[in-house]
Ligand code: IPD
Ligand code: CA
Ligand code: CA
């Protein structure tokens with residue numbers, strides 16, 4: 562199954578690379594303000610679904626651009642979760658950080674994962690219980706234990722309705738404690754980089770299952786932890802994602818837990834006070 566997912570990801574990557582040669586001529590539509598889809602997202606997704614359903618006609622599909630389909634068959638236990646082009650805004654601008662993300666969930670648990678970066682030809686993959694790999698080399702999360710040494714990646718709010726002030730408070734708290742923060746712009750690749758130890762932790766709100774499904778297995782198979790901001794493992798549909806090596810993950814939960822929608826009323830009050838400080842400072 563992993564091999565079929567890899568074949569699908571590489572074929573989608575070839576479509577994306579070809580289009581990147583003349584990105585100006587790619588047709589772009591707007592789903593909502595600042596949320597874009599291109600004809601290449603759609604072409605890559607169609608190609609991935611075709612490859613997967615040719616091999617497994619009964620499997621289900623949960624893909625960003627075409628939604629949930631029961632495939633051509635009825636098998637509800639096997640569902641492919643697909644982001645055909647993660648980092649569309651980067652792609653549109655020619656900013657070379659984007660990827661293809663494909664995961665297979667079996668009875669709701671991710672068992673196969675592929676994240677493919679067509680710019681660097683980097684292939685990240687994992688099968689549950691068998692470790693995580695990058696280009697055939699086993700990868701592990703970093704060994705850093707102190708937040709002050711950690712490099713943390715994140716995603717900024719960008720859609721109307723995304724809450725900017727609480728995010729700025731989170732960013733402020735994390736920035737003050739760590740060695741550096743990065744916003745590369747493709748969540749699936751951010752998680753792959755945590756798995757490979759290139760980043761020590763990651764946090765973002767507002768993500769969807771297709772952004773995080775494959776990356777989550779890469780992280781756990783590389784020895785890391787992933788969950789929501791309060792440290793619960795059941796995060797996939799909760800639109801808040803925190804990942805890291807185990808030591809940094811724990812420290813990020815301590816800092817970010819109060820910003821979780823699952824935080825206690827008392828913790829939430831602290832978070833609101835932090836956001837108010839930011840608001841007052843910028844007034
Ligand atoms: C986006 C990217 C981005 C993240 C957004 C996602 P898309 O995915 O992963 O890094 O900040 O929340 O929606 O729309 O380019 O597939
Ligand atoms: Ca995405
Ligand atoms: Ca996408």
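Numbering (our numbering), first residue to last: 562 to 844. Heads up, the beta-carbon is just placed ideally off N, CA and C, and yes, glycines get one too.
Discussion item. Less than 7 Å separating the Cβ of residue 804 from some heavy atom of ligand 2?
Written reply: Taking the chain shown and counting its residues from 1, one reaches residue 804 at position 243. Outside the cutoff, so no.
Worksheet item: Exposed or buried, residue 654, counting other C-beta atoms within 10 Å across all chains shown (16 or more means buried)?
Response: Taking the chain shown and counting its residues from 1, one reaches residue 654 at position 93. It counts as exposed.
Worksheet item: Near residue 752, which residues of its chain fall below 7 Å by C-beta distance, leaving aside the five closest residues on each side in sequence?
Response: The residue labelled residue 752 in the question sits at position 191 within the chain shown. Taken in chain order, the residues that qualify are 763, 773, 776, 777, 779, 780 and 804.
Discussion item. With three or more C-beta pairs closer than 8 Å as the rule, is the segment 633–650 touching the segment 661–678?
Written reply: yes
Discussion item. Going by C-alpha to C-alpha distance, which of 759, 830, 818 and 745 sits closest to residue 651?
Written reply: In the chain shown, the residue the question calls residue 651 occupies position 90. Out of 759, 830, 818 and 745, 745 has the C-alpha closest to the C-alpha of residue 651.
Worksheet item: Helix or strand or just coil, what does DSSP make of residue 846?
Response: A question about residue 846 goes unanswered here, because the residues of the chain that appear run from 562 up to 844.
Worksheet entry | Where residue 662 sits in the DSSP three-state scheme | Reading the chain shown from its first residue, position 101 is the one you call residue 662. Correct three-state label for residue 662: strand.
Worksheet item: If you draw a straight line from the C-alpha of residue 564 to the C-alpha of residue 611, how long is it?
Response: Your numbering for residue 564 matches position 3 in the chain shown. Your numbering for residue 611 matches position 50 in the chain shown. Going from the Cα of residue 564 to the Cα of residue 611 covers about 15 Å.
Worksheet item: Who are residue 801's beta bridge partners in DSSP?
Response: Against the chain shown, residue 801 aligns to sequence position 240. 766.
Worksheet item: Looking only at DSSP bridge pairs, what is residue 713 linked to?
Response: Locating residue 713 in the chain shown gives position 152, counting from the first residue. According to DSSP, which records beta bridges pairwise, residue 713 is partnered with 742 and 762.
Worksheet entry | Closer than 5 Å to ligand 2: residues, by C-beta to nearest heavy atom, in chain order | 644, 647 and 772
Discussion item. By DSSP's criteria, residue 630 is part of a beta bridge. Which residues make up the other side?
Written reply: For the purposes of this step, residue 630 is taken as the residue at position 69 of the chain shown. 622.
Practice prompt. Would you kindly check if the distance between the Cβ of residue 657 and the Cβ of residue 578 is under 8 Å?
Written response: Here the question's residue 578 lines up with position 17 in the chain shown. Here the question's residue 657 lines up with position 96 in the chain shown. No, Cβ-Cβ distance for residue 578 and residue 657 is not below 8 Å.
Discussion item. I'd like to confirm something about residue 729: is its beta-carbon nearer than 7 Å to some heavy atom of ligand 5, or not?
Written reply: Absence of ligand 5 is noted for the structure shown, with ligand 1, ligand 2 and ligand 3 being the only ligands found.
Worksheet item: Can you name, in chain order, every residue of its own chain whose Cβ lies under 8 Å from the Cβ of residue 670, other than the five neighbours on each side?
Response: On the chain shown, position 109 is the one that residue 670 refers to. Around residue 670: 689.
Fill in: Counterpart residues of residue 687 in DSSP-defined beta bridges
Stepping through the chain shown from its first residue, residue 687 is reached at position 126. Note: residue 687 sits in a beta bridge opposite 674 and 693.
Worksheet entry | Cβ-Cβ distance between residue 675 and residue 570 below 8 Å | Here residue 675 is taken as the residue at index 114 of the chain shown, counted from 1. Here residue 570 is taken as the residue at index 9 of the chain shown, counted from 1. Contact: yes.
Worksheet entry | Candidates 620, 581, 591 and 575, of which the one nearest residue 721 by Cα | The residue labelled residue 721 in the question sits at position 160 within the chain shown. Checking every option, the nearest Cα to that of residue 721 belongs to 591.
Discussion item. Ligand 1 and residue 746: does the residue's C-beta get closer than 7 Å to at least one heavy atom of that ligand?
Written reply: Working through the chain shown from its first residue, we reach residue 746 at position 185. Residue 746 Cβ: within cutoff of ligand 1.
Worksheet entry | Assigned secondary structure, residue 590 (DSSP; H/G/I helix, E/B strand, else coil) | Start at 1 with the first residue of the chain shown, and residue 590 comes out as number 29. It is a strand residue.
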